[in-house]
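Count the sequence shown with numbering that gives the first Met the number 0 and you get residues 0 to 193, in order.
Beta carbons: idealized from backbone N, C-alpha and C, even for Gly.
Owing to the predicted nature of the structure, the values given are computational and were not obtained by experimental measurement.
As structure tokens, the structure follows; a few thoughts come after it.
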Amino acid sequence: MCGGHLVIESGFVQSAGDKGNEREKERGICSHLDSIQHLKVHNLSCYIMASASADIQVKELDKRSSGQAFELILSPPAAEAIPEFPLSPPKKRDLSLEEIQRKHEAAEIRRKSHEAEVLKQLAEKREHEKEVLQKAIEENNNFRKMAEEKLTTKMEANKENREAQLAAKLERLREKEKRMEEVRKSKEIKESED
């Protein structure tokens, strides 16, 4: 970067000097000034004066009808200045055959460990499914057994009921026949007496 002059009028920047490399520095200053734009003009002057560093000189110009103006004088950069970011990323060093084999073995161990974990989880899942299925079968068998017992009990009760009803009917029929027989005998006796 080269040295140069900036004239700021109420937040607007006009550059004098080299425009190519100065733009980044100007943008930084402009964005810095834009962030404090809500302050009054005299506060802005104090703020710029206080925040000026060794490589920036702030010179207040005459007040204008549009507001207050400042001239910022940028000093040229030092020769031993280090750029903030490296120009190219650091190069990767070449890996030796032993390092490649070691990484490959570590990856193989990780793969086998992951595979074993997956198989273990799958076996646990199958075991759980087997237990659930076994429990469902047992519950189904218990339900069927209880239903069969209930049905058998009901059928036996119905059979006993039916037999009792049949026995009662037979008893009534016998009594009826007995009465009819008595009536017939009494009729015969009356007829024989007449």
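Residue environment, residue i, which counts as buried when at least 16 other CB atoms sit within 10 Å
i, result
"residue 96", "exposed"
"residue 142", "exposed"
"residue 60", "exposed"
"residue 37", "Residue confidence for residue 37 is low, a pLDDT of 41 falling below 50, so the modelled location carries little weight; the figure read from the coordinates is stated next. By the 10 Å Cβ count, residue 37 comes out exposed."
"residue 73", "buried"
"residue 150", "exposed"
"residue 71", "buried"
"residue 132", "exposed"
Bounding residues of the alpha helix (DSSP H) (the contiguous stretch that carries residue i)
i, result
"residue 125", "96-192"
Short CB-CB distance (under 7 Å) between residue i and chain B
i, result
"residue 181", "Note that chain B does not occur in the displayed structure, where there is just one protein chain."
Near the ligand MN: residue i beta-carbon under 6 Å from a heavy atom
i, result
"residue 184", "Looking at this structure, you won't find the ligand MN or any other ligand, since it has none at all."
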